[in-house]
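The opening residue of the sequence shown carries number 3 in the numbering used here; numbering runs sequentially from there.
Just so it is clear, CB atoms sit at the ideal spot from N, CA and C, and this is done for glycine as well.
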Amino acid sequence: MKVVFINPYELGRQSFAIASPLASLQAQGFAVESIDLALQRLVPNKLQDAAVIAIHLGMHTATRIAVAAFPRIRQLAPNARICVYGWYAAANAKLFFELGAMAVFSGEVEDALRLFVCRVRDGDLKLEQDYRQPLISTGAIEWQVPERSQMPALDRYANLVLADGSCRTVGFIETTRGCKHLCRHCPVVPVYQGRFRAVPKAIVLADIRQQVAAGAQHISFGDPDFLNGPGHAIRILDAMHTEFPDLTFDATIKVSHLLEQQTLLPRLRNWGCLFITSAVESTDNVVLEKLQKGHCSKDFEVVVHLTRASNIALSPTFIPFTPWTTLSGYCTLLETIVRLQLIDSVPSIQLAIRLLVPAGSWLLKDVDMLPFCNDFDPQLLGYPWRHPQPAVDTLQRQIQAVVEEGDRNNLGRRQVFEQIWVLAHQAIGEYVSLPEITSCQATPHLSEPWYCCAEPTSQQLQQF
Ligand code: SF4
3 MKVVFINPYE LGRQSFAIAS PLASLQAQGF AVESIDLALQ RLVPNKLQDA AVIAIHLGMH
63 TATRIAVAAF PRIRQLAPNA RICVYGWYAA ANAKLFFELG AMAVFSGEVE DALRLFVCRV
123 RDGDLKLEQD YRQPLISTGA IEWQVPERSQ MPALDRYANL VLADGSCRTV GFIETTRGCK
183 HLCRHCPVVP VYQGRFRAVP KAIVLADIRQ QVAAGAQHIS FGDPDFLNGP GHAIRILDAM
243 HTEFPDLTFD ATIKVSHLLE QQTLLPRLRN WGCLFITSAV ESTDNVVLEK LQKGHCSKDF
303 EVVVHLTRAS NIALSPTFIP FTPWTTLSGY CTLLETIVRL QLIDSVPSIQ LAIRLLVPAG
363 SWLLKDVDML PFCNDFDPQL LGYPWRHPQP AVDTLQRQIQ AVVEEGDRNN LGRRQVFEQI
423 WVLAHQAIGE YVSLPEITSC QATPHLSEPW YCCAEPTSQQ LQQF
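Shown next, in the form of structure tokens:
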């Protein structure tokens, strides 16, 4: 019996969230295949004899692509039982049940998916009745080494671009899933609710080994936060570096963890850390408080200096447009980026991101958010909101247009930043010239600039 996994989009990564459950089903004796819609197309010969199709909804962009692709999947595999899984699955269960999904899973899904597929194989008559509600599990599961041999080669995915312009092939690893924090806007929170699960060290190291054998020269750790369990991270890095001393890596680590674990930074560098992505979100303490980020704008500045002192590049991410953003606050964000010499470290799209309020978001628990939200929009898969000052929404649209235009014309980050600077200062009625920037340097980064909460492009919505 054949099971096909479909990954609509995952930031240019060869997906752990596909490779892990795929291995679990293969170990059970099922024939398994996968389609990565960022690189492959929906083709009849892969889908027509599938008994089960499992679609991974790991982020907002992926979920919107999955909705658009669903009728075509249904058409190519009319007899398959379709299920969806991932962070965005449970929150959008109603929509996917209406589209024709039979089951919806979120959290630690491997065992639940395997049971579902076994019940399909066995012709279980209670199947439909037992899967009418989404299943969320954060309990321990049985692990297998992820199965990646039939996925597109690593060099077809995002690669590492170094400061001198040279590139390295990247492998993608997760050492934990979930998160122990409760930031209000985060899609991990409604599923894991402050918990995280470690992937066993032996599984992580076996996955690193097979990706190095497949050409990986750099590992990108895709954990929601790499230092949720610092002891686990240290043991893995120590073993990885001993076995592969030339391998470099990057990871995502929150500001408060970087502060708490600052003595670890030189060791991270020695183990090969080239850059750290950190969800700074804002330089406005009011906004940071609303999002319950657990850090303030001063902490961000300290972390910039700490990482720089350890020779690790910092790649901050932002959500500049929220209902609490002010025009002057947006200008302060730009000025902070200039002062901290981070222009080349911030992808242009980061300066246009608008707070996303998807189904199930914990932002909806807050009375502070509710007055700004309209009804759920099934097209957008979220609750559209309006800023109380229309000028802020206007600025966001202008900046979005500048970023998209810059993307189309291959403009550099600095050229786009200059245009954004002018627009933002015009919006507050001042013209402040952009200070002369001499000491910014290109920083190592991945070649896929899109962001997990960004809306999909029209091309992404049609490429399957
Ligand atoms: S620390 Fe990161 S992953 Fe964890 S809840 Fe906050 S935003 Fe989400």
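Buried or exposed by the 16-neighbour rule on C-beta atoms within 10 Å, applied to residue i
i      : result
GLN352 : buried
GLU283 : buried
CYS313 : As written in the sequence, residue 313 is Asn, which differs from the Cys given in the question. Exposed, since its Cβ has fewer than 16 Cβ neighbours within 10 Å.
PRO318 : buried
GLY60  : buried
SER17  : buried
HIS307 : exposed
LYS295 : buried
GLN398 : buried
ILE322 : Just to set this straight, residue 322 is Pro in the shown sequence, not Ile. So PRO322 ends up on the buried side.
GLY384 : buried
SER350 : buried
ARG415 : buried
GLN146 : buried
GLY431 : exposed
GLU130 : exposed
LEU266 : buried
ALA235 : buried
SER22  : buried
ASP252 : buried
SER280 : buried
ASP346 : buried
ASN161 : buried
ARG66  : buried
ASN412 : exposed
Spatial neighbours of residue i in its chain, beta-carbon cut-off 8 Å, leaving aside the 5 residues before and after
i      : result
GLY102 : PHE72, ARG76 and ILE84
SER299 : SER284, THR285, ASP286, ASN287, LEU290 and THR338
GLN30  : ARG116, VAL119 and CYS120
CYS375 : VAL359, LEU366, TYR385, PRO386 and TRP387
LEU372 : LEU366
ARG410 : none
PHE246 : ILE210 and VAL214
Cβ shell of residue i (< 7 Å), same chain only, five flanking positions each side left out
i      : result
GLY141 : GLU110
HIS243 : TRP273 and GLY274
ARG158 : LEU41
ILE143 : GLU110, GLU112 and ASP113
ALA79  : LEU49, GLN50, ALA52 and ILE55
ASN230 : THR178, CYS181, LYS182 and PHE198
GLN28  : VAL34 and GLU149
GLN381 : none
PRO437 : VAL340
LEU24  : PHE7, VAL34, SER36 and GLU149
TRP423 : LEU336 and LEU436
ALA429 : LEU329, ALA393 and LEU397
ALA70  : LEU463
ARG356 : PHE323 and GLN398
Close beta carbons around residue i, own chain, < 6 Å, minus the five adjacent residues each side
i      : result
CYS188 : none
VAL191 : LEU184 and TRP364
ARG186 : LEU293, GLN294, TRP364 and LEU365
ARG197 : THR140 and GLY180
LEU127 : none
GLN402 : ALA354
ALA19  : HIS58 and GLY60
ASN9   : SER17, ILE20, ASP38 and HIS58
For residue j and residue i, believed in contact at Cβ under 8 Å, the rounded distance
i      : j      : result
GLN152 : GLU12  : About 17 Å separates the two Cβ atoms, so there is no contact after all.
LEU448 : GLY14  : 7 Å
GLY217 : LEU156 : 5 Å
PHE2   : LEU115 : This structure gives no information on residue 2, because the portion of the chain shown stretches from 3 to 466.
THR254 : PRO226 : 7 Å
LEU207 : ALA241 : 6 Å
HIS58  : TYR87  : 6 Å
ILE221 : GLY173 : 5 Å
ASP209 : ILE238 : Incorrect: roughly 10 Å between the Cβ atoms, too far for contact.
ALA315 : THR445 : 4 Å
Bridge partners - residue i, DSSP secondary structure assignment
i      : result
SER108 : ILE138
VAL405 : None; VAL405 has no bridge partner.
LEU261 : According to DSSP, LEU261 bridges with nothing at all.
VAL434 : For VAL434, which the question treats as bridged, DSSP gives no partner whatsoever.
LEU448 : LEU162
THR2   : Residue 2 is absent from the structure shown; the chain starts at 3 and stops at 466.
SER330 : Looking at the DSSP assignment, SER330 forms no beta bridge with any residue, so it has no partner.
SER222 : PHE174 and ASP252
ASN9   : ASP38
GLY384 : ASP379
PHE323 : ARG356
CYS169 : VAL163
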